[in-house]
Amino acid sequence: EAKSAGRNTVRFFNPEMQHKVEQRAKLETALSKALEQKEFLLYYQPQVNHHGELLGAEALLRWVPSDTGLMVSPAEFIPLAEDTGLIVPIGYWVIETACRQLHDWQQQSPDRLFNLAVNISARQFHQHDFVQRLQEIVHSTGVNPSSLKLELTETVVLDDIGYVIDRLHELRTIGIGTSMDDFGTGYSSLSYLKRLPMEQIKIDNSFVRDIAHSAHDSAIVRAIIAMGHSLGLQVVAEGVETEEQRAYLEKYQCDVYQGYLFDKPMPVKEFEKWLN
Ligand code: C2E
Ligand code: MG
Ligand code: MG
Ligand code: MG
11 EAKSAGRNTV RFFNPEMQHK VEQRAKLETA LSKALEQKEF LLYYQPQVNH
61 HGELLGAEAL LRWVPSDTGL MVSPAEFIPL AEDTGLIVPI GYWVIETACR
111 QLHDWQQQSP DRLFNLAVNI SARQFHQHDF VQRLQEIVHS TGVNPSSLKL
161 ELTETVVLDD IGYVIDRLHE LRTIGIGTSM DDFGTGYSSL SYLKRLPMEQ
211 IKIDNSFVRD IAHSAHDSAI VRAIIAMGHS LGLQVVAEGV ETEEQRAYLE
261 KYQCDVYQGY LFDKPMPVKE FEKWLN
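The sequence shown begins at 11 in the working numbering and counts up by one.
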């Protein structure tokens, strides 16, 4: 019994803990089979300019385990996929599916300017053959890579900035752009940002949320946009939910807007209404 076991004793048989461990093990087993069971799909969320005109979309992964039929939130399974390394094969499925979809859309309307953003986990980015495999996927799907954008988080640059810069240059050479996702929540400093050959930053929705009511958040957003522009970066705001937030962002000259105000992430068929 834990009480009599005294201090400094790990309580292995706490039933609540036990339950959590079991749930996680179950989820992990299910996740490891999800690819072959074809349980993943991509949702697409529009990105627009300040007039609300479509500029592109972000592809967002969804998992619907066949036994329950209930969608599991990425917040729940992405961290598990990252811990187990499953994020690497899953991530390639995401890239390939997104590229095939983008190619389809490019075939339908060759003159339409449209960017598709794909989230890449740090673990995947740091695979030694990442750029090569990406290039293979670009070739095999026939997609125009200049419409592809990789969203990386600040954790990507925690390790070896020289390595990251080299890979970003390679991506640029292929024509693929990159975006710093969730900007402001991680550890990357301004001196990092200055050295990284990226094209875009995405202001995290935690700063956008109170932009109309918090002088601090409003000042932060304004500063991020100004700084981004002075570094030659395009700036995206995520999590734009209200007209009030949109108006502030427009006043600060934000370039791209994404959030429920415009539309939620949705399946392909539904998203295609935006394209037509
Ligand atoms: P993220 O890349 O920052 O994606 C934006 C998240 O904000 C999405 O959550 C989106 O559904 C949500 N969102 C969009 N508009 C609004 C809004 O107006 N208000 C609020 N409150 N939220 C909004 P989602 O789809 O649940 O994805 C969560 C995170 O999971 C993503 O954050 C990303 O980090 C990760 N993720 C999603 N798909 C992938 C993927 O294919 N690969 C990897 N590695 N990570 C992914
Ligand atoms: Mg993202
Ligand atoms: Mg984001
Ligand atoms: Mg975010």
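Glycine included, each C-beta is placed from N, C-alpha and C at the ideal position.
Quick check on the DSSP output: the alpha helix (DSSP H) that includes residue i runs from which residue to which?
{"i": "N129", "result": "Unbroken run through N129 is the beta strand (DSSP E), N125 to N129; no alpha helix (DSSP H)."}
{"i": "L45", "result": "Element bounds for L45: n/a, residue is neither H nor E."}
{"i": "K261", "result": "E253 to K261"}
{"i": "L162", "result": "Taken as a continuous stretch (DSSP letters only), L162 belongs to no alpha helix (DSSP H), being part of the beta strand (DSSP E) at L158 to L162."}
{"i": "T151", "result": "F140 to T151"}
{"i": "Q8", "result": "Outside the shown range of the chain, which is 11 to 286, sits residue 8, and nothing can be said about it."}
{"i": "S119", "result": "Premise fails: S119 is in no alpha helix (DSSP H) and is neither H nor E."}
{"i": "I221", "result": "Counting along the chain, I221 falls outside any alpha helix (DSSP H), and DSSP gives it neither H nor E."}
{"i": "G238", "result": "A225 to S240"}
Quick check: what's the CA-CA separation for residue i versus residue j?
{"i": "F50", "j": "Y202", "result": "34 Å"}
{"i": "F135", "j": "T163", "result": "10 Å"}
{"i": "I263", "j": "D121", "result": "The residue asked about is misnamed: residue 263 is Gln in this sequence, not Ile. Taking the straight line from one Cα to the other gives about 27 Å."}
{"i": "L71", "j": "S240", "result": "33 Å"}
{"i": "I283", "j": "I130", "result": "For the sequence presented, residue 283 should be read as Lys rather than Ile. Approximately 27 Å between the Cα atoms of the pair."}
{"i": "W234", "j": "Q28", "result": "Correcting the residue type first, residue 234 is Ile in the shown sequence and not Trp. Going by the C-alpha atoms only, they are around 44 Å apart."}
{"i": "P277", "j": "L80", "result": "15 Å"}
{"i": "A286", "j": "Y270", "result": "One detail in the question is off: residue 286 reads as Asn in this sequence, not Ala. For N286 and Y270, the distance between alpha carbons rounds to 20 Å."}
{"i": "K13", "j": "P25", "result": "The pLDDT assigned to K13 is 47, lower than 50, so where the model puts this residue is not dependable; a value taken from the coordinates is nonetheless given after this. Roughly 14 Å between the two C-alpha positions."}
{"i": "Q268", "j": "D93", "result": "29 Å"}
{"i": "H138", "j": "I186", "result": "18 Å"}
{"i": "F140", "j": "Q255", "result": "37 Å"}
{"i": "Y53", "j": "S199", "result": "32 Å"}
{"i": "G172", "j": "Q57", "result": "31 Å"}
{"i": "I221", "j": "R232", "result": "9 Å"}
{"i": "V31", "j": "S76", "result": "22 Å"}
{"i": "K274", "j": "Q55", "result": "6 Å"}
{"i": "K159", "j": "A85", "result": "22 Å"}
{"i": "M208", "j": "I100", "result": "24 Å"}
{"i": "T195", "j": "D214", "result": "7 Å"}
{"i": "H61", "j": "F272", "result": "11 Å"}
{"i": "G66", "j": "L126", "result": "6 Å"}
{"i": "E251", "j": "K261", "result": "16 Å"}
{"i": "F193", "j": "I211", "result": "6 Å"}
{"i": "I147", "j": "A225", "result": "45 Å"}
{"i": "A247", "j": "R219", "result": "10 Å"}
Could you check where the beta strand (DSSP E) with residue i kicks off and where it finishes?
{"i": "P56", "result": "F50 to V58"}
{"i": "I213", "result": "Q210 to I213"}
{"i": "G187", "result": "G187 to F193"}
Looking at residue i and ligand 3, is the gap between the Cβ and the nearest heavy atom below 7 Å?
{"i": "K261", "result": "no"}
{"i": "D176", "result": "no"}
{"i": "K212", "result": "yes"}
Report the partner residues of residue i according to the DSSP bridge assignment.
{"i": "N201", "result": "Here residue 201 turns out to be Ser, not Asn, going by the sequence shown. For S201, which the question treats as bridged, DSSP gives no partner whatsoever."}
{"i": "R7", "result": "Not covered by the structure: residue 7. The range shown for the chain is 11 to 286."}
{"i": "A247", "result": "I213 and Y267"}
{"i": "M276", "result": "Y54"}
{"i": "V82", "result": "W73"}
{"i": "L168", "result": "DSSP lists no partner for L168."}
{"i": "L90", "result": "Its beta-bridge partners do not exist; DSSP assigns none."}
{"i": "L64", "result": "V58"}
Are the C-beta atoms of residue i and some chain C residue less than 8 Å apart?
{"i": "D191", "result": "Although the question refers to chain C, the structure presented lacks it and comprises just one protein chain."}
Check whether the Cβ of residue i sits closer than 7 Å to any heavy atom of ligand 1, and report yes or no.
{"i": "S156", "result": "no"}
{"i": "P250", "result": "The amino acid occupying residue 250 in the given sequence is Val; Pro does not appear at that position. V250 Cβ: within cutoff of ligand 1."}
{"i": "S83", "result": "yes"}
{"i": "V58", "result": "no"}
{"i": "S216", "result": "no"}
{"i": "V104", "result": "yes"}
{"i": "I97", "result": "yes"}
{"i": "G242", "result": "no"}
{"i": "Y270", "result": "yes"}
{"i": "Q55", "result": "yes"}
{"i": "I147", "result": "no"}
{"i": "S131", "result": "yes"}
{"i": "G194", "result": "no"}
Quiz: which residues have CB nearer than 6 Å to ligand 2 non-hydrogen atoms: E68, N129, E161 and D191
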